[in-house]
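Peer 1: Numbering (the numbering used here), first residue to last: 372 to 423.
All residues carry an ideal CB built from backbone N, CA and C; glycine is no exception.
Note that the structure is a prediction, hence the values are computed from the model and not measured.
Sharing a structure, written as structure tokens. Questions coming.
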């Protein structure tokens, strides 16, 4: 099992969050950055918005 998978498991366990599909999630910087990738994995059904 990769360390990336372990980290996402720990995030889910440490910070349970309920987000509906119609909510917007902000991520820092640009599409493709680490924060964007994390937002996609944690909130796959939400609209993602970049903040600079």
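#1: Does the distance from the CB of residue 423 to the CB of residue 408 come in under 8 Å?
#2: Check the C-beta distance from residue 404 over to residue 420 and give it rounded, since I have them as a contact under 8 Å.
#3: According to DSSP, is residue 421 part of a helix, a strand, or is it coil?
#4: What whole-angstrom Cβ distance do residue 416 and residue 395 have, given they're in contact under 8 Å?
Peer 2: On the basis of the coordinates in this document:
#1: No, these two residues do not count as a Cβ contact at 8 Å.
#2: Incorrect: roughly 13 Å between the Cβ atoms, too far for contact.
#3: DSSP places residue 421 in the strand class (E or B) of the three-state scheme.
#4: Residue 416 to residue 395, Cβ: 12 Å. No contact.
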